[in-house]
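Every position in the sequence shown, counted from 1, becomes a number in this note's numbering once 71 is added.
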Amino acid sequence: IRTTICRLLAGCNVQYKVAPFDHALYQECFDVAVKRGYPMSCSEPFSVLPFLPIGVTYSMTSCAHITPRHNQIWIALCTACLFFVDDVPRRFPTELPSLRAFNNRLVRGEKQGNAVLDAVVDLLKETPRVFGGHVPADLLTTSIMDFATTTVMECETTNMHILASAKGYPSYQRVMTGIGEAYAVMVFPPDIPYEEYIQAMPELALFICTVNDVLSFYKEELDGESTNHVTTIAARKGISRVEAFEELADTSVELYQRILSILDGLPPAREAFTHFVEGYFAFYFSSKRYRLMEVGL
72 IRTTICRLLA GCNVQYKVAP FDHALYQECF DVAVKRGYPM SCSEPFSVLP
122 FLPIGVTYSM TSCAHITPRH NQIWIALCTA CLFFVDDVPR RFPTELPSLR
172 AFNNRLVRGE KQGNAVLDAV VDLLKETPRV FGGHVPADLL TTSIMDFATT
222 TVMECETTNM HILASAKGYP SYQRVMTGIG EAYAVMVFPP DIPYEEYIQA
272 MPELALFICT VNDVLSFYKE ELDGESTNHV TTIAARKGIS RVEAFEELAD
322 TSVELYQRIL SILDGLPPAR EAFTHFVEGY FAFYFSSKRY RLMEVGL
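Below is the structure:
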């Protein structure tokens with residue numbers, strides 16, 4: 072695992088780096104969440120609070136180049152809420168019916184029946200202002216809606232046989248479960264017109280997901296997780312999970328090079344991407360969730 076991750080780092084021109092936790096950003100996020108009425112108490116059955124540190128860690132690393140500060144706070148709070156959603160099947164299975172109804176309630180303007188999901192909806196109302204217009208905001212919103220759907224879908228297709236002929240299915244599923252398009256939008260400051268990066272979106276959305284697959288592989292193997300991109304690729308191709316893991320590292324490097332090529336001649340967008348990549352890797356190295364300090368990088 073260490074050798075493969077080091078190869079990925081070299082291929083993406085990134086150094087191993089652990090970022091110190093931004094306590095000031097954490098406090099700002101906490102204060103904003105309380106002011107908005109989000110569930111922020113450990114005594115509540117479902118709370119944003121346990122997920123706020125990882126939301127802050129993502130924002131302070133991957134989005135350190137994003138201004139104004141309010142946007143970093145938005146990204147931290149949204150990420151915290153989405154980590155809650157990601158954990159619903161394993162940690163909060165009683166909330167699967169609420170998650171299943173998320174999109175229907177969203178389009179009907181109904182309460183979600185879960186305070187964290189209500190917080191997600193509240194945050195989505197701000198996206199045109201935070202992300203510089205309706206097109207990037209809508210890309211982000213539909214990506215989060217797809218995430219809710221595919222989180223449920225993963226639970227319902229756990230025992231589904233993956234056909235060798237279904238070549239596009241693993242990536243199709245992964246970009247949705249990985250919220251790839253939403254986090255691709257978050258890469259760019261709102262003053263960069265979306266026309267300058269939209270052609271890189273397919274590669275960027277997948278890159279965000281494949282890097283996650285590689286850098287979360289160690290944790291997920293220890294946790295015994297079987298519903299992930301690595302397992303899906305291995306099942307479709309009839310190869311081992313380790314071989315699929317190594318293949319995803321190589322795919323990530325190829326995507327990185329293609330994104331740089333697409334953004335060549337667009338200095339602001341290219342610079343935002345390179346800042347993001349450095350911070351995105353630092354997110355995994357700085358977060359205890361992924362346990363990469365045990366790998367010996």
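A virtual CB, placed ideally from N, CA and C, is assigned to each residue, including glycine. Because the structure is a prediction, the values reported are computed rather than measured.
Given a length threshold of 3 residues, the region 181-235 has no whole run of the beta strand (DSSP E) inside it.
Contact between residue 132 and residue 357 holds: their C-beta atoms lie close to 6 Å from each other, under 8 Å. Between the region 116-136 and the region 237-248 there are fewer than three C-beta pairs closer than 8 Å, too few to call the two in contact.
Secondary structure of residue 362 (DSSP, three-state): coil.
For the 9 Å CB-CB criterion, residue 285 and residue 320 form a contact.
Cβ neighbours of residue 174 within its own chain (closer than 8 Å, five residues either side excluded): 216, 219 and 220.
Counting along the chain, residue 105 sits inside the alpha helix (DSSP H) bounded by residues 94-107.
Annotated three-state conformation of residue 273 is helix, per DSSP. In the displayed model, residue 238 falls within coil according to three-state DSSP, outside both helix and strand. Per DSSP, the continuous alpha helix (DSSP H) segment holding residue 352 begins and ends at 338-357.
Within the same chain, and ignoring the five residues on either side of residue 192 in sequence, the residues whose Cβ sits closer than 7 Å to its Cβ are 177 and 183.
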